[in-house]
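Number of protein chains: 2
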Amino acid sequence: MDKNDMILISVDDHIIEPPDMFKNHLPAKYAADAPRLVHLDDGADVWKFRDTVIPNVALNAVAGRPKEEYGLEPDGLDEIRPGCYDVDERIKDMNAGGILASLNFPSFPGFAGRLFATEDQDFSLALVRAYNDWHVDEWCGAYPGRFIPMALPVIWDAELCAAEVRRNAEKGVHALTFTENPAALGYPSFHDPFWNPLWKALVDTDTVLCVHIGSSGRLSIPAVDSPPDVMITLQPLNIVQAAADLLWSRPVKDYPDLKIALSEGGTGWIPYFLERVDRTFEMHSTWTLQDFGGKKPSDIFREHFLTCFISDPVGVRLRHDIGVDNISWEMDYPHSDSMWPDAPEVLHDLLTRENVPDDEIDKITHLNSMRWYSFDPFQHVPKEKATVGALRAASAGHDVSIKARSHKHTAAEDKLAAFSAQIKAATAHTAS
Amino acid sequence: MDKNDMILISVDDHIIEPPDMFKNHLPAKYAADAPRLVHLDDGADVWKFRDTVIPNVALNAVAGRPKEEYGLEPDGLDEIRPGCYDVDERIKDMNAGGILASLNFPSFPGFAGRLFATEDQDFSLALVRAYNDWHVDEWCGAYPGRFIPMALPVIWDAELCAAEVRRNAEKGVHALTFTENPAALGYPSFHDPFWNPLWKALVDTDTVLCVHIGSSGRLSIPAVDSPPDVMITLQPLNIVQAAADLLWSRPVKDYPDLKIALSEGGTGWIPYFLERVDRTFEMHSTWTLQDFGGKKPSDIFREHFLTCFISDPVGVRLRHDIGVDNISWEMDYPHSDSMWPDAPEVLHDLLTRENVPDDEIDKITHLNSMRWYSFDPFQHVPKEKATVGALRAASAGHDVSIKARSHKHTAAEDKLAAFSAQIKAATAHTAS
Chain A
4 MDKNDMILIS VDDHIIEPPD MFKNHLPAKY AADAPRLVHL DDGADVWKFR
54 DTVIPNVALN AVAGRPKEEY GLEPDGLDEI RPGCYDVDER IKDMNAGGIL
104 ASLNFPSFPG FAGRLFATED QDFSLALVRA YNDWHVDEWC GAYPGRFIPM
154 ALPVIWDAEL CAAEVRRNAE KGVHALTFTE NPAALGYPSF HDPFWNPLWK
204 ALVDTDTVLC VHIGSSGRLS IPAVDSPPDV MITLQPLNIV QAAADLLWSR
254 PVKDYPDLKI ALSEGGTGWI PYFLERVDRT FEMHSTWTLQ DFGGKKPSDI
304 FREHFLTCFI SDPVGVRLRH DIGVDNISWE MDYPHSDSMW PDAPEVLHDL
354 LTRENVPDDE IDKITHLNSM RWYSFDPFQH VPKEKATVGA LRAASAGHDV
404 SIKARSHKHT AAEDKLAAFS AQIKAATAHT AS
Chain B
4 MDKNDMILIS VDDHIIEPPD MFKNHLPAKY AADAPRLVHL DDGADVWKFR
54 DTVIPNVALN AVAGRPKEEY GLEPDGLDEI RPGCYDVDER IKDMNAGGIL
104 ASLNFPSFPG FAGRLFATED QDFSLALVRA YNDWHVDEWC GAYPGRFIPM
154 ALPVIWDAEL CAAEVRRNAE KGVHALTFTE NPAALGYPSF HDPFWNPLWK
204 ALVDTDTVLC VHIGSSGRLS IPAVDSPPDV MITLQPLNIV QAAADLLWSR
254 PVKDYPDLKI ALSEGGTGWI PYFLERVDRT FEMHSTWTLQ DFGGKKPSDI
304 FREHFLTCFI SDPVGVRLRH DIGVDNISWE MDYPHSDSMW PDAPEVLHDL
354 LTRENVPDDE IDKITHLNSM RWYSFDPFQH VPKEKATVGA LRAASAGHDV
404 SIKARSHKHT AAEDKLAAFS AQIKAATAHT AS
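Protein sequence lines, in the order shown, are assigned to chains A and B. So for the first sequence, the numbering used here puts the first residue at 4; every next one is plus one. So for the second sequence, the numbering used here puts the first residue at 4; every next one is plus one.
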């Protein structure tokens, strides 16, 4: 397939929320208490909500930035691409990257919206709903066919969460961002009947449970003084814990239509994982009493899980061991793992190198994600205008560079020190 | 290659320590205080040391047992194969399994011998030395050429640990069992200069640092109520954390000859892992300041790490992405992941299915582990008597079955309840 003929849907990108996002959607009585974006003297913008300050970690918005300027120091909105937070600019960046459509995860509230869980449940629910209405109606609504809408959960209450899933489903939303491990956040685990109302709402509305890497709130690092490379290396690999926890769980047995996406989870580890779960079943099910009705765990995985990758040679080579119907593609804009704006080139080189036939390319690049997320962009964008080539032609002249940082340049040594301080602060309350 | 012509060295098996192991090696003044094996009324044998009771978890000694009898309840020595704890019987079992030689990890003291770390450092050191003398002189010494000797570390003191490495090296020992994460055990991490004397002793004596899965003392389970299958699935996958932590560490840079074995770590995850570390380096080294002198992290991995597998189709298929010189084989006797006594059949089927040529079979089955552990069994056992076929011919008539459990049969529901209780007890002090 010619690179320009690919149709790309990315199932994992990120929004850096804009300051005015609560304006139109939060009841007036809560307006003064809503999280707000604050501009600091050093040029950084941070979200403040009650006692919590959430910096916009620069690695999360590096699209267009030279590697030499990577780091963890907070950025200002004026230092990142406007496509991070402005939907009109996002569409231009998507066009320049040849991307037809995109599923956008939240940033400052956390993947499961846990920031909004306060002692005032009415206020908390209002925040979740406001976020969802802004995301679905304003952000996704501005460009029909260009975004797969996704709701934030009501993470502290399964009944309210189910209701929010149903409310959003009526607006055409079929994705829920969630945590890869509610137990790690202090809520009942996936194995607890607590969540039954949620599972039922998800299958009733054909909504996908999206568990993004890093959404457990647990830092998976071996030691406080492990170099940052260790954490970066391990980030996508830790999703294997969520995959195992969900695959062996009761919900996938009780709700045969339950759909789960391992967001930003990569694919190269899955063939080994599937061997391991089948062998575990073969050796131990006599005493663990696992029963999949005559099926193997690997069958169950393929019935329930959608995987995705950015650029993953091993996963593409072993795609038939994973299941070609279970693999989707993602761009991860504007994070540092993203290949934007050259994502189509990187992907096409890989698919060509691995001799992936056209029908499998179509499944991986868009058909699987369309089916999984009940999403049909071609209702709004004709196919001939949806290709990499057509989208890029429409965006000719769009500048894909980034402004140099306006605040003081940080030396690598200082970036490392900042990383170390952040890890120590994050682990201080859990240190054994 | 014919199955009977394979020469098998297993780099990961386990000893269930016999009750008289301290008899000949501990100074008399400590004899009364040594750990002792106690026979309980219910038929189980447990090790007792001060306030600690360590049951012989039955899953750790199931060789020969039908799967229906698997479980976590403690066993008595009279319920497990004598080959678990009696070296003469072990050799017979090795012969029946076609195994030339074996590296044996400890059981009740923990992989890093942490049980022996008391407030009385002289006593603790005496225990470590006694264990090592028993293991090296009695167990391995009884059958030259049949065991790769391995020492327990002095986990609480790097200088003493270095001295113990040197003392054992003089007796021909080139393996040290260690923890995959000293920080998780409360000691300085791999990144701390604390361990420098140990690194130096290891490279001076060409001794391999063996980090076995599960040796961090951390339970890697998503939730307390995750089914046991989750933990069983994840066990080999968690070694990826140690691999990342060591690969990005200073010791592999400062000690170019440092050799590390990822014991029972499997291989199928490694091609994906190597892609990930190279990409991490490519994208982030400008600010993380990683520098491997012009090499890539995957090069460093192949210089420093030996991997192993029991039966791992993905790893064998992708052996050239891992490095054929970096893969060894293991049997895991007498644990539940072991294929004994049919390990040669399982391995040979896999190697045949994946069309592995003879020279690569030899590397994987014995040449890599001989080189890595400075071990030459052929000084003692002529090659023609070292093959699967020759060893089995010599053991004809050896009974490979197991006695039925002598204590009350445990229903699966009760095994699950026991598992749940164990997990709750193990996590009680770390629950957040």
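We put the beta carbon where it would ideally sit given N, CA and C, even for glycine.
| Check | Outcome |
| --- | --- |
| Contacting positions in the stretch 278 to 300 of chain B - beta carbon closer than 9 Å to chain A | Glu278, Arg279, Val280, Arg282, Thr283, Phe284, Glu285, Met286, His287, Ser288, Thr289, Trp290, Thr291, Leu292, Gln293 and Pro300 |
| Beta-carbon gap between serine 288 of chain B and histidine 194 of chain B smaller than 7 Å | no |
| Meets three-Cβ-pair contact criterion under 8 Å: the stretch 415 to 431 of chain A and the stretch 218 to 232 of chain A | yes |
| Candidates A/Cys213, A/Phe378, A/Pro360 and A/Asp294, of which the one nearest threonine 310 of chain A by Cα | A/Cys213 |
| Residue ranges of each beta strand (DSSP E) within the stretch 183 to 209 of chain B, 3 or longer | none |
| Neighbour flag for serine 229 of chain A against chain B, beta carbons, 7 Å | yes |
| Nearest residue (CA-CA) to tryptophan 50 of chain B, options B/Glu285, B/Pro254 and B/Pro22 | B/Pro22 |
| CB contact check: glutamate 71 of chain A to chain B, cutoff 7 Å | yes |
| Neighbourhood of proline 191 of chain A by C-beta, 7 Å cutoff - its chain only, sequence neighbours within 5 removed | Pro185, Phe197 and Trp198 |
| Sequence-distant residues of its chain with Cβ nearer than 6 Å to leucine 354 of chain B (five each side left out) | Ile364 |
| Neighbourhood of leucine 394 of chain A by C-beta, 6 Å cutoff - its chain only, sequence neighbours within 5 removed | Asn98 and Gly101 |
| With 16 other Cβ atoms within 10 Å as the buried cut-off, status of alanine 396 of chain B | exposed |
| Buried versus exposed call for serine 436 of chain B [16 or more other C-beta atoms within 10 Å across all chains shown] | In this structure chain B extends from 4 to 435, so residue 436 of chain B is not present and cannot be described. |
| Proximity to leucine 103 of chain A [Cα-Cα], best of A/His383, A/Pro300 and A/Leu40 | A/His383 |
| Beta-carbon proximity check, proline 239 of chain B vs isoleucine 224 of chain B, cutoff 7 Å | no |
| contact_flag[the stretch 85 to 94 of chain A, the stretch 145 to 153 of chain A] where n(CB pairs < 8 Å) is 3 or more | yes |
| For threonine 210 of chain B, the nearest candidate out of B/Val176, B/Met334 and B/Ala115 (CA to CA) | B/Val176 |
| is_contact[proline 58 of chain A, chain B] using C-beta, thresh 7 Å | no |
| For asparagine 358 of chain B, three-class secondary structure by DSSP | coil |
| Cβ of lysine 256 of chain B within 7 Å of any chain A Cβ | no |
| Own chain residues within Cβ distance below 6 Å of proline 69 of chain B, not counting five before or after | none |
| The stretch 297 to 306 of chain B contacting the stretch 340 to 348 of chain B, beta-carbon criterion three pairs below 8 Å | no |
| Test item: CB-CB of lysine 443 of chain A and aspartate 315 of chain A under 7 Å | There is simply no residue 443 of chain A to check, as chain A begins at 4 and stops at 435 in what is shown. |
| Backbone secondary structure at proline 347 of chain A - three-state DSSP | helix |
| Unbroken stretches of the alpha helix (DSSP H), 4 residues or longer, contained in the stretch 260 to 335 of chain A | 273 to 291, 300 to 307, 316 to 320 and 322 to 325 |
| Helix, strand or coil at isoleucine 19 of chain B according to DSSP, with G and I counted as helix | coil |
| Cα-Cα separation between leucine 237 of chain B and lysine 388 of chain A, rounded to whole angstroms | 45 Å |
| Environment of aspartate 335 of chain B [buried if 16+ CB atoms lie within 10 Å] | buried |
| C-beta neighbour in chain B for isoleucine 235 of chain A, strict 7 Å | yes |
| C-alpha gap between leucine 261 of chain A and tryptophan 272 of chain B, whole angstroms | 27 Å |
| Boundaries (first-last residue) of the alpha helix (DSSP H) holding leucine 249 of chain A | 242 to 250 |
| Proximal residues of chain A, C-beta to C-beta of serine 192 of chain B below 9 Å | Pro225, Ala226, Val227, Asp228 and Ser229 |
| Residue-level contact to chain A via CB, leucine 130 of chain B, 7 Å cutoff | no |
| contact_flag[the stretch 120 to 136 of chain B, the stretch 150 to 170 of chain B] where n(CB pairs < 8 Å) is 3 or more | yes |
| Glycine 268 of chain A at chain B interface by Cβ criterion, 7 Å | no |
| Residue ranges of each alpha helix (DSSP H) within the stretch 20 to 86 of chain A, 4 or longer | none |
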